[in-house]
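Number of protein chains: 2
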Amino acid sequence: MNISPLQEARYKYEPKLPEILKNAVDAIKVSLGDPTQSVADQEELKQLFPNTYGMPVAGFTKGENPGAGKAINVGVILSGGQAPGGHNVIAGLYDGLKKGNKNSKLIGFLGGPSGLTSDEALEFSDEYMDRYRNTGGFDIIGSGRTKLETEEQFDTCIEVCKKRNISALVIIGGDDSNTNAAVLAEYFQQKKASIQVIGVPKTIDGDLKNEHIETSFGFDTATKTYSELIGNIERDANSAKKYWHFIKLMGRSASHIALECALQTRPNVAIISEEVEEKKQTLDQVVGNIIDTIVTRAEKGENFGVVLVPEGLIEFIPEMKTLIGELNDLLAEHQAYYATLNTFEDQSEWINKNLSRESSYVFSSLPNNIQRQLLMDRDPHGNVQVSRIETEKLLIEIIEDRLREMKTEGRYSGKFSHQHHFFGYEGRCAFPSNFDADYCYSLGFNAFVLIANGLTGYMSSVKNLSKPASEWIAGGIPVTMMMNLEQRHGKKKPVIRKALVELDGKPFKAFAAERETWAVETSFAYPGAIQYYGPDEVCNQPTMTLKIEHK
Amino acid sequence: MNISPLQEARYKYEPKLPEILKNAVDAIKVSLGDPTQSVADQEELKQLFPNTYGMPVAGFTKGENPGAGKAINVGVILSGGQAPGGHNVIAGLYDGLKKGNKNSKLIGFLGGPSGLTSDEALEFSDEYMDRYRNTGGFDIIGSGRTKLETEEQFDTCIEVCKKRNISALVIIGGDDSNTNAAVLAEYFQQKKASIQVIGVPKTIDGDLKNEHIETSFGFDTATKTYSELIGNIERDANSAKKYWHFIKLMGRSASHIALECALQTRPNVAIISEEVEEKKQTLDQVVGNIIDTIVTRAEKGENFGVVLVPEGLIEFIPEMKTLIGELNDLLAEHQAYYATLNTFEDQSEWINKNLSRESSYVFSSLPNNIQRQLLMDRDPHGNVQVSRIETEKLLIEIIEDRLREMKTEGRYSGKFSHQHHFFGYEGRCAFPSNFDADYCYSLGFNAFVLIANGLTGYMSSVKNLSKPASEWIAGGIPVTMMMNLEQRHGKKKPVIRKALVELDGKPFKAFAAERETWAVETSFAYPGAIQYYGPDEVCNQPTMTLKIEHK
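Protein sequence lines, in the order shown, are assigned to chains A and B. Be aware that the first sequence starts at 1, since it is given in the UniProt record's numbering, and climbs by one per residue. Be aware that the second sequence starts at 1, since it is given in the UniProt record's numbering, and climbs by one per residue.
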């Protein structure tokens, strides 16, 4: 391993913990509140989780917990996409466990949940752990997207844990993985398997949050990295004064990333998918809003700007969602016939005849190469691969066409040159910001304390995050409390409710209050690279979203 | 202006200067060496620059220079693409000027060289200057790409300078702009205009360097920013273990950026255009090398990796260069007829018939949409727009085809999923690293000291950069010394010789010595974000290129 100077330096960083977690682990006692309810579908969920539904919120106080010193084996899994700080969750868990009893063991299952069912694992040592402290990535044990859903898998989990004498599992993942953690906890209880399960809220998308989980880890570092790049591009745009930059940001289901980045960088336009959906905007309207800004700025001689586009936008535009649905149905139903159509012309002609009138109109109005993407890039099930659609280019092409038209009509006399960017992979494995390094370490340490207090089916929770770490509040939230039932593949399934951007929430309102100025005046802000050292206000600030939400 | 916490903090940073420049400006005296020669074409250049050819290298010593305290007006111009640190060159120049005499004035011409000929300018004040210290971008006065080349322009420059009582111009730009600065200096001498001209070496590309100019400013910050992102992507690749990432890096004529980033991040493959050209590699061979790596890694179960691709690659592949040349000639010659061909099929058929046998073969073997780009995206002169060709996608498409073939033949059994990225605009306007902040401030301050010592036709030079700033050596290099004659648009023109990557240079050798290991073993290094604070080894290091070159 070749170690960069920053990595070497970060090894020495000591993450901050909430006050209560600084005590000896056998001096931290759980304090339980009243029974809880799920956010919806209480009766159904109660039946699905007879053993773990309704458990109380857990807090910690100083007090004796003699059991915390017992030597135990704990298993840990990283699940799903990378998020900065995963290594620190494991470091916190490891340190807590060893603080409890130095003979305790932490077993890391390799390559995600599949490592548990196939029993591929490593045992952590001090030396191994030290090579990953305060670093980005999930390379410490790897991650994977296998879902633990079937009873067969659950039984294998029990077997593997028994064999390895593991009495608790920590699952680090997003909403889906934490849902599965809760199902697993329930199953283990039902089978009296004596294996506790604790979840840890991870996702750069920021959509795993609620009253009790203020933010998922990784969101802070990822949005700071994207904002660094957006700010740099804004400054370039404002220096060269010749390009409109369209920047697509990772995140398919929610626009928290786009919103946070907009608050940090004050671009001319930031599209928020949830607003597009709520206002039932057409593609035409979405484009129209951008064009208005381009034209107004052109009138002031400013033929440059920055537009933020959330990756999942297209699925939030009602007419596009309908079109994609119809295409999927058509192509699935007439797969055999469709396969005989060899040219794009034949395909699109046939498609156009078979779409609904509305969708046919929408399809025809799309640029040619987007039509191609919709018809040609399909997944093995025949579905349109929405993530392959280059939304930023789609917008650019339509805008170009429209401006050309307006120019001939004398309604626009500017110059529209453009660049496009997509930021996603750049931010998922950055060295965690001090915030994420501290938060993740605390979540991991906290997960151990929950285990040491005998809890299962809980999510590790650290709150009051807009304050300094010393004021953070550690505890546990029963996962069932965040659940409701949702339709998935035709079945009602218990899932953690995804947190979308709320249009009446404070962060969106803060954005909405300023965006009209940002659209026209050049109001760019340049956050610069994440700093791990330096003045407090530079290196120890949480996201704007968190600050605004908890002001 | 909304100021980010980092920007606020950076305002307070005090850039470091070489020891000699810390003296009172009237206590810094120039010391001149022997007459110099240009790197080539000495006789011709002597005739082209009768007044400024052969001037000695200038150094500084302690000694009296009473003229330095005179109140003067100096003009400054930013020319060409953005590079981090431009604002600090101006800050250093401003501070030097004001240290000489607080009644001296610094005039910034707006929007690049055209601001000088159209006399659009602002006068710097302390307050205005302070808003830009240690920040990225060229937004302080804007930049532009107008070239100062004609006598008419030169005469206008004289007029504007006379009107504003400007006795010296500082031109901050790349090789072309510095060449023009030298031509301007010569012209002013010839016309006895009493206007000095000093150039400052700028370009993120790193191709403006030689024995006397160790590096151009901006290269350090830009490559650190790109390396941050490459490292993050490498760590993501190594965590998810499912993608090959193809990363194109800005820089059309030289591969210094790709080489520096490779040294910092140790990717599996880094293509160096100069090597491709020198070894006369075909597109087939370039692709073949990457495929070898992919296949070897796949055999070890590692279906992931990172490939760095320099933006200008395609023009360094001899057969592609020939093809593009032929296409340009054909399309220019038969413009009228070609315009009657409406479909891509007709166009490519006609093209194929008219290309040389070799080029026809190369053209036919290209993926369809690259053929389209070559035929359709042409500039107003009918030339192929090489910069529009998505080289990273071209490579991916050919590799995909080839691997599919190898799979059916049983020679490859891996999985090839891919992502592509292009980094350019992300790094040109970052907050300058401490190195660039110090270097640029020193270059600017130094430019004033050269002016105060009556020099013209010199480039501001700060050497010994691999050492701490206190050991840096300030001075001036006559621009003619770096020149030779080159063919440009059919004419022999005096230009500063571009520095390409030298295959027998130390940085390339250091890379070449390790790349076979990097190709197969996962040897990624993760530099992380640029740090402006923290331990010295984290925040005060020059580039690897500079360190290796001056070891």
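Backbone N, C-alpha and C fix where the C-beta goes; we use that ideal spot for every residue, glycine too.
| message | Quick check: N210/A and M459/A, are their CB atoms within less than 7 Å of each other? | response | no
| request: Within its chain, find whatever has a CB closer than 6 Å to the CB of D155/B; leave out the 5 residues flanking it on each side and keep chain order. | output: none
| With a cut-off of 7 Å, does the C-beta of Q7/A fall near any C-beta of chain B? | yes
| At a Cβ threshold of 7 Å, is C157/A touching chain B? | no
| task | Quick one: list the residues of chain B neighbouring I530/A, beta-carbon separation under 7 Å, in chain order. | result | A529
| field | Beta-bridge pairing of H334/A - partner residues as DSSP gives them | value | Beta-bridge pairing links H334/A to no other residue.
| Exposure label - S470/A; buried when at least 16 CB within 10 Å | exposed
| query | the segment 430 to 463 of chain B: which residues have C-beta closer than 9 Å to a C-beta of chain D, in chain order? | reply | Structure shown: chain D not included; protein chains present are A and B.
| field | Closest by C-alpha distance to L308/B, when choosing among L330/B, G206/B, E260/B | value | E260/B
| task | Note down, in chain order, all residues in the segment 232 to 245 of chain A with a beta-carbon under 9 Å from any beta-carbon belonging to chain B. | result | N232, I233, E234, R235, D236, A237, N238, S239, A240, K241, Y243, H245
| request: Report all residues from its chain with a CB closer than 7 Å to the CB of L503/B; omit the five preceding and five following residues, and keep chain order. | output: E274, E275, E278
| field | Residues that S143/B contacts on chain A, provided the C-beta gap is smaller than 8 Å | value | S239, A240
| Cα-Cα separation between G67/B and I28/B, rounded to whole angstroms | 11 Å
| said: Quick check on I317/A: does DSSP put it in helix, strand or coil? | reply: coil
| If you draw a straight line from the C-alpha of K105/B to the C-alpha of N2/B, how long is it? | 28 Å
| chain A residues whose Cβ lies nearer than 9 Å to that of residue 599/B | What is shown of chain B runs 1 to 551, which leaves residue 599/B out entirely.
| said: Taking 7 Å as the threshold (C-beta atoms), are D438/B and K16/B in contact? | reply: yes
| field | Opening and closing residue of the beta strand (DSSP E) in which E123/A lies | value | 121 to 123
| message | Please tell me whether G144/A and S177/A are closer than 7 Å, where the distance is taken between their beta carbons. | response | no
| said: Rounded to whole angstroms, what is the Cα-Cα separation between G59/A and E149/A? | reply: 30 Å
| field | Cα-Cα separation between K163/A and G206/B, rounded to whole angstroms | value | 59 Å
| query | If you pair each beta-carbon of the segment 424 to 441 of chain B with each one of the segment 86 to 102 of chain B, do three or more pairs fall below 8 Å? | reply | yes
| request: Count the other C-beta atoms from every protein chain shown that fall within 10 angstroms of the C-beta of H489/A, then say buried if there are 16 or more, exposed otherwise. | output: exposed
| field | Residues that DSSP places opposite N484/B in a beta bridge | value | V495/B
| request: Residues of the segment 529 to 549 of chain A with a CB closer than 7 Å to any CB of chain B: list them in chain order, please. | output: A529, I530, Q531, Y532, Y533, G534, P535, E537, V538, Q541
| field | Closest by C-alpha distance to V200/A, when choosing among E521/A, G424/A, S461/A, R297/A | value | S461/A
| query | Expressed to the nearest angstrom, what Euclidean distance is found between the alpha-carbon atoms of K242/A and I398/B? | reply | 33 Å
| query | Would you call the segment 288 to 307 of chain A and the segment 382 to 389 of chain A touching, i.e. three or more CB-CB distances under 8 Å? | reply | no
| task | Taking C-beta pairs closer than 8 Å, name the residues in chain B that S4/A reaches, listed in chain order. | result | G231, Q264, A525, Y526, P527, G528
| query | What did DSSP end up calling G115/B once you bin it into helix, strand or coil? | reply | helix
| query | Can you list, in chain order, the residues of its chain whose CB lies under 8 Å from that of N103/A, leaving out five sequence neighbours each side? | reply | A71
| said: Tell me the residue span of the alpha helix (DSSP H) that contains I290/A. | reply: 283 to 299
| said: With H, G and I counted as helix, E and B as strand and the rest as coil, what does DSSP make of W244/B? | reply: strand
| message | Going by DSSP in three states, T215/A sits in which element: helix, strand or coil? | response | coil
| Supposed contact pair E186/B and T52/B - C-beta distance, whole angstroms, cut 8 Å | 5 Å
| query | Any C-beta of chain B sitting closer than 7 Å to the C-beta of E426/A? | reply | yes
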